[in-house]
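Structure first, then comments.
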Amino acid sequence: MKKWLLALASVALLGALSACGSDKSTTDSTAVKLVTPKTLTIGLEGTYQPYSYHEDGKLTGFEVALGKKIAAELDLTPKFVETKWDSLIAGLDVNKYDLILNNVAKTPERAAKYRFTSAYTSGKSQLAVKKDNTTIQSIQDIKGKQMAQSVTSNNAQNVKKLGATIVPVDGFAQSVALIEQGRADGTVNEAASFYAYLKQKPDADIRLIEVGNAITANPARGLLRKDEAPLQKKVTAAIDKLKANGELAKLSKQYFGGDITK
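The following block contains the structure:
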């Protein structure tokens, strides 16, 4: 009788331990995974004014300020890692950072491999050409022309579809420089980037052309690894809160001179 009771107790104990193990597994599957404990590591270019750039030797910009506010909402310390655009997204695959904030648009290809947060900009585009350029009067005129774009960017894909060829660049500032130097015919980028650039450099030798419906607006979103569903939910909640309380609009006006989040 005693042996039977001992055997029954052993079975019950094993069942309890198994249940505890199951609870732990569930907890782990919903836990936020971070590259560095208590730190939100954010990847960006650092050369893309006004999103992220250097001023007086310090990293600043709209997405830098946004990253700091998101980290604060998550009770984490923000850390920024600067990387060139063409290797920026690949950095997620090797756990270089937890989140990318770099005016990244959502595409089917990226969505198949990564997770996106809710949008934090409107994503409307414009075309820039040199002021004395008379051959390009509309977005349709870029067919056969040379456009300065980051080769893996969404903008590069858009201008290719319209028949342009690509002059590779590392970032936005270089695109404008090539236009002014006559080494590229134009560039397509988010309207907000041009507004902020011209606010800082009103004498820049470029003029802007509306693209209308030729290029679909692509709002900027945070980008995360596919296995970061818990962190995606928390970052999205933080962005949505910053939209609702007006903080996101304030950051937009500070860096762009207007609200580019609507």
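Sequential numbering of the sequence shown, starting at 18, is according to the working numbering. Where is the CB? At the ideal position from N, CA and C, for every residue including glycine. Values in this document were obtained by computation on a predicted structure and should not be read as measured data.
Secondary structure of residue i, DSSP reduced to three states
i	result
L93	coil
L118	strand
G239	strand
N206	strand
K177	helix
W21	Only weak support is given to the placement of W21: the predicted model assigns it a pLDDT of 42, under 50, and the question is left unresolved by the model.
Q66	coil
K160	coil
L144	strand
Host beta strand (DSSP E) of residue i (start-end)
i	result
K75	K75 to T77
G60	T56 to L61
V184	T182 to P185
I226	I223 to E227
Distance CB(residue i)-CB(residue j) smaller than 9 Å
i	j	result
E99	L118	no
L116	G84	yes
D103	V168	yes
P86	E264	In the sequence on display, residue 86 carries Lys and not Pro. Against a cut-off of 9 Å, the Cβ pair of E264 and K86 comes out as a contact.
F133	K123	yes
Q271	F189	no
For residue i, the first and last residue of its enclosing alpha helix (DSSP H)
i	result
R127	P125 to K130
Y259	Sequence inspection shows Leu at residue 259; the Tyr mentioned does not correspond to that position. Looking at the DSSP string, the run of the alpha helix (DSSP H) that includes L259 is A246 to A261.
L51	That residue, L51, is in no alpha helix (DSSP H); it is neither H nor E in DSSP.
D103	W102 to L105
Assumed close pair residue i, residue j - CB separation to whole angstroms, cut-off 8 Å
i	j	result
F273	F79	7 Å
Q166	V193	Not really, about 12 Å apart at Cβ, beyond 8 Å.
L240	L109	7 Å
E227	Q143	6 Å
S139	T278	7 Å
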